[in-house]
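In the working numbering, the protein residues as written are 76 to 326. For reference, the structure is listed below as structure tokens.
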């Protein structure tokens, strides 16, 4: 009877701990929109890590309960049928819980992957927008909240571009402001020198040399550079280049 009591206690504790974990996960995801899941990625990581740690011990938990069940069978000669049925039911319950936990881990990992993908999309979005320090800083922070280190590393160029956005944009703005205020812009017979000088400055930008022709780049800055080069190309003695449409008063 002592062994039977121990079995009941062990099974009850294991089932109750798993039920509590299930309830917490259901409560966390209930009614959550995709946006909420993104904003609460830290909580998702906490739940995932907790479930992962729990499953690391599943083999030892099963082993302990199997030993108790086997002891029940060996020491239950008087009412072997009833005890064997009970033992099988308890073991089956444990197996169901373990399988359920494994499914939950798979689902949670899938959710974490979905969140990471959203993080990258949110961060990448600001490479298509005019530079805004707050928005770019927020985008950079998305990377710090990503669950998968491997996925984060594979998308590190997006983070690198975001970190270099302000410096690259400022360098470009400085060049076109100099070009706009340069007296040579409106002096006849020096148009070719003027054109070549500022075209070279733009093409010698660190951003231009490293990222402009790359598969991943700051799309908005690329468009600005392209427009500036087209303005320079059309520059002539009779029609001086005008960069006023590209000049950002905030820089």
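Note that beta-carbon positions come from the ideal geometry of N, C-alpha and C, so glycine has one too.
For residue i and residue j, what's the separation of their Cα atoms in angstroms?
i: residue 273; j: residue 299; result: 14 Å
i: residue 198; j: residue 263; result: 46 Å
i: residue 214; j: residue 168; result: 46 Å
i: residue 243; j: residue 290; result: 17 Å
i: residue 261; j: residue 309; result: 13 Å
i: residue 232; j: residue 195; result: 11 Å
i: residue 315; j: residue 301; result: 18 Å
i: residue 313; j: residue 212; result: 44 Å
Consult DSSP for residue i and reduce its assignment to one of helix, strand or coil.
i: residue 276; result: helix
i: residue 230; result: coil
i: residue 267; result: helix
i: residue 236; result: helix
i: residue 339; result: Look at the range of the chain in this structure, 76 to 326, and you will see that residue 339 is not part of it.
i: residue 297; result: helix
i: residue 302; result: helix
i: residue 252; result: helix
Once you ignore the five residues that flank residue i on each side, which residues in its own chain have a CB closer than 7 Å to its CB?
i: residue 303; result: 251, 277, 318 and 321
i: residue 323; result: 248
i: residue 227; result: 218 and 221
Can the beta-carbon of residue i be found closer than 8 Å to that of residue j?
i: residue 208; j: residue 246; result: no
i: residue 266; j: residue 311; result: yes
i: residue 287; j: residue 297; result: yes
i: residue 229; j: residue 191; result: no
Among the residues of its own chain, which have a CB less than 6 Å from the CB of residue i, if the five just before and after it don't count?
i: residue 294; result: 202 and 203
i: residue 326; result: 245 and 248
i: residue 282; result: 243
For residue i, does the count of other Cβ atoms within 10 angstroms reach 16, so buried, or fall short, so exposed?
i: residue 271; result: exposed
i: residue 307; result: buried
i: residue 164; result: exposed
So, at 8 Å on beta carbons, what are the nonlocal neighbours of residue i in its own chain, with the 5 sequence-adjacent residues on each side left out?
i: residue 236; result: 202, 286, 291, 292 and 293
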